[in-house]
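For any residue, its number in the UniProt record's numbering is found by taking its place in the sequence shown, counting from 1, and adding 301. Here a beta-carbon is modelled for each residue, glycine too, at the ideal position from N, C-alpha and C. Small disclaimer: the values here were computed from a predicted structure and weren't measured.
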Amino acid sequence: AKRAGGGRQVRFAQAMRERAAHRSDIEADLRLALQEEQLFVVYQPVVGLLPGGGTDYAAGVEALVRWQHPTRGVVPPFEFIGIAEECGLIGALGDFVLARACRDFRAWQTQLGEQAPRLLAVNLSRAQLGQPGWSETVARVLAETGMQARQLQLEVTESLAAQDAQIQQRLHELKALGITLALDDFGTGYSSLASLHLLPVDTVKIDRSFVSQSESSEHHRVLIEATVKVAQSLGMGTVAEGIETVEQADVVRRLHCNKGQGYLYSRPLTTEALVAWLAQWPSA
Ligand code: C2E
Ligand code: CA
Ligand code: CA
Ligand code: CA
């Protein structure tokens with residue numbers, strides 16, 4: 302047994318070394334990726350849900366980063382966002398996504414007029430908010446692209462938006478620009494319905510884990526319903542994330558979620574594919 306245990310330890314140490322090596326590979330590659338413009342942005346449509354079940358409409362898009370790696374193919378964000386945060390590259394990455402997304406958004410407005418999306422959501426990481434003066438970067442991007450502040454929504458996670466006074470201050474600085482804030486992945490973190498009123502957010506995004514269980518579990522339906530009610534009473538909108546079936550869409554619509562997002566409507570799309578998708582949907 303002792304020998305087997307020793308073997309496990311050796312294998313464990315080996316696995317740790319491999320992980321560390323993989324990490325530093327990714328880190329080195331990511332530095333290059335930022336210089337060589339291997340990163341790109343895809344957009345997932347957000348759909349407005351009419352309570353009566355009328356025709357849903359295109360309400361906006363969420364920008365999601367992708368990495369076209371020279372040998373690994375397209376790398377999904379969960380494989381590099383965390384590493385980017387730890388090695389200090391998230392600032393450059395986040396600035397790239399914000400600028401790219403605002404430019405694309407403006408191009409749709411020029412190209413599509415009334416058919417263009419009305420709202421652009423961009424994910425924010427904690428490290429970006431930690432940078433002093435980051436709201437000035439946002440202001441500069443808005444000015445440079447001619448994007449209207451009210452059409453930009455920054456998404457923050459619960460853990461990020463919670464009690465920390467400095468973070469709260471930064472969020473208020475951002476809101477002073479005229480942009481809006483969404484609380485991402487609601488229900489997965491530590492903050493609760495009771496503390497929602499403490500956060501300067503305009504929209505609550507109900508996590509996919511609730512939506513995916515909404516058909517089978519009364520418990521999850523009750524939680525969605527309670528979230529929507531509290532959000533509404535605070536003047537906040539709601540988005541149901543990760544809708545994959547017509548049944549899930551019906552449930553969240555019945556529970557009065559304002560908007561929905563998920564593979565049922567569309568996967569994240571390149572700009573060209575998004576333009577084709579928008580042509581088939583009524584706009585807000
Ligand atoms: P998120 O912000 O919660 O984004 C939603 C994720 O769920 C996206 O994964 C999207 O493709 C996926 N999704 C959407 N609808 C469905 C569905 O119906 N079913 C399933 N199974 N999945 C669905 P993605 O693009 O891989 O992004 C993962 C996470 O990476 C994001 O979660 C976000 O936290 C982070 N991320 C992505 N882009 C950025 C970025 O530009 N900056 C930062 N800081 N984080 C980003
Ligand atoms: Ca998000
Ligand atoms: Ca989310
Ligand atoms: Ca997430």
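* Span separating the alpha-carbon of residue 425 from that of residue 343 -> Indexing the sequence shown from 1 puts residue 425 at position 124. Indexing the sequence shown from 1 puts residue 343 at position 42. Spanning the two alpha carbons is a distance of roughly 16 Å.
* Asked: For the beta strand (DSSP E) that residue 417 lies in, which residues bound it at each end?
  -> Sequence index remark: in the sequence shown, residue 417 carries index 116 (1-based). Neither: residue 417 is in no beta strand (DSSP E) and is coded neither H nor E.
* C-alpha distance - residue 479 paired with residue 374, whole-angstrom precision -> Taking the sequence shown and counting its residues from 1, one reaches residue 479 at position 178. Taking the sequence shown and counting its residues from 1, one reaches residue 374 at position 73. Using only the alpha carbons, I get a separation of about 38 Å.
* **Near ligand 3: residue 506 beta-carbon under 7 Å from a heavy atom** => Position 205 of the sequence shown, counting from 1, holds the residue named residue 506. Yes, ligand 3 has a heavy atom inside 7 Å of this Cβ.
* Asked: Do you know how far the Cα of residue 410 is from the Cα of residue 452?
  -> The count along the sequence shown starts at 1 and reaches residue 452 at position 151. The count along the sequence shown starts at 1 and reaches residue 410 at position 109. Using only the alpha carbons, I get a separation of about 12 Å.
* Asked: Given residue 356, which residues of its chain have a CB within under 8 Å of its CB, disregarding the five upstream and five downstream residues?
  -> Position 55 of the sequence shown holds residue 356. The answer, listed in chain order, is 583.
* Coarse secondary structure for residue 327, derived from DSSP in three states -> Within the sequence shown, the letter at position 26 stands for residue 327. It is helical.
* Asked: Is any heavy atom in ligand 3 found nearer than 7 Å to the beta carbon of residue 387?
  -> The residue labelled residue 387 in the question sits at position 86 within the sequence shown. Here the distance from the Cβ of residue 387 to the nearest heavy atom of ligand 3 is not below 7 Å.
* Asked: Leaving out the 5 sequence neighbours to the left and right, which residues in its chain are closer than 6 Å to residue 388 when beta-carbon positions are compared?
  -> Residue numbering aside, residue 388 sits at position 87 when the sequence shown is read from its first letter. If the five residues before and after residue 388 are omitted, its C-beta is found closer than 6 Å to the C-beta atoms of 328, all from its own chain and listed in chain order.
* Asked: Count the other CB atoms within 10 Å of the CB of residue 446; is the residue buried (16 or more) or exposed (fewer)?
  -> As a position in the sequence shown, residue 446 is number 145, starting the count at 1. By the neighbour-count rule (16 or more Cβ atoms within 10 Å), residue 446 is buried.
* Between 481, 314, 529, 467, which lies nearest to residue 493 when the distance is taken from Cα to Cα? -> Working through the sequence shown from its first residue, we reach residue 493 at position 192. The option with the nearest alpha carbon to residue 493 is 529.
* Proximal residues to residue 538 (C-beta, below 8 Å), its chain only, five neighbours per side dropped -> Stepping through the sequence shown from its first residue, residue 538 is reached at position 237. So the qualifying residues of the chain are 503, 504, 505, 532, 559, 560.
* What beta strand (DSSP E) runs, 3 residues minimum, are completely inside the segment 517-551? -> Within the segment 517-551, the beta strand (DSSP E) runs of at least 3 residues that lie entirely inside it are, in chain order, 538-541.
* So does residue 586 have its beta carbon nearer than 7 Å to some heavy atom of ligand 1? -> The shown model of the chain, from 302 to 585, leaves out residue 586, and the question about it has no answer.
* Look at the alpha carbon of residue 555 and the alpha carbon of residue 352, and state the distance between them as a whole number of angstroms. => Along the sequence shown, one-based indexing puts residue 555 at 254. Along the sequence shown, one-based indexing puts residue 352 at 51. Our two residues, residue 555 and residue 352, have alpha carbons roughly 7 Å apart in a direct line.
* **8 Å contact criterion, which residue 455 and residue 360 should meet: CB distance rounded** => To locate residue 455, count along the sequence shown from 1; it is residue 154. To locate residue 360, count along the sequence shown from 1; it is residue 59. Rounded to whole angstroms, the Cβ separation of residue 455 and residue 360 is 17 Å, and the two are not in contact under 8 Å.
* Asked: What first and last residue would you give for the alpha helix (DSSP H) that runs through residue 441?
  -> In the sequence shown, residue 441 corresponds to position 140, counting from 1. Run containing residue 441: 435-446, per the alpha helix (DSSP H) assignment.
* Asked: Within 7 Å: the Cβ of residue 424 and any heavy atom of ligand 2?
  -> Position 123 of the sequence shown, counting from 1, holds the residue named residue 424. Result yes, Cβ under 7 Å from ligand 2.
* To do: Could you check which residue in 487, 432, 399 has the C-alpha nearest to that of residue 444?
  => Here the question's residue 444 lines up with position 143 in the sequence shown. Cα-wise, what sits closest to residue 444 is 399.
* residue 482 - containing beta strand (DSSP E), residue span -> Residue numbering aside, residue 482 sits at position 181 when the sequence shown is read from its first letter. That run of the beta strand (DSSP E) goes 481-487.
* For the candidate residues 509, 430, 490, whose alpha-carbon lies nearest to that of residue 472? -> In the sequence shown, counting from the first residue as 1, residue 472 sits at position 171. Check the Cα spacing between residue 472 and each of 509, 430, 490: the tightest is with 430.
* Excluding the 5 residues preceding and the 5 following residue 335 in the sequence, name in chain order all residues of the same chain whose CB lies nearer than 6 Å to its CB. => Walking along the sequence shown from the start, residue 335 turns up at place 34. The answer, listed in chain order, is 393.
* Expressed to the nearest angstrom, what Euclidean distance is found between the alpha-carbon atoms of residue 607 and residue 515? -> This structure leaves residue 607 out entirely; the chain is present only between 302 and 585.
* Asked: Got a sec, what are the start and stop residues for the alpha helix (DSSP H) residue 453 sits in?
  -> The count along the sequence shown starts at 1 and reaches residue 453 at position 152. For residue 453, there is no enclosing alpha helix (DSSP H); the residue is part of the beta strand (DSSP E) that begins and ends at 453-458.
* Asked: Which residues in the same chain have their Cβ closer than 6 Å to the Cβ of residue 378, if we skip the five residues on either side of it in sequence?
  -> In the sequence shown, the residue the question calls residue 378 occupies position 77. Cβ within range, chain order: 366.
* To do: Give a single yes or no on whether residue 542 has its beta carbon closer than 7 Å to a heavy atom of ligand 3.
  => Stepping through the sequence shown from its first residue, residue 542 is reached at position 241. Yes, the Cβ of residue 542 comes within 7 Å of a heavy atom of ligand 3.
* Check whether the Cβ atoms of residue 540 and residue 347 lie closer than 8 Å to each other. => As a first step, residue 540 must be located in the sequence shown, where it is residue number 239. As a first step, residue 347 must be located in the sequence shown, where it is residue number 46. Yes, they are a contact pair.
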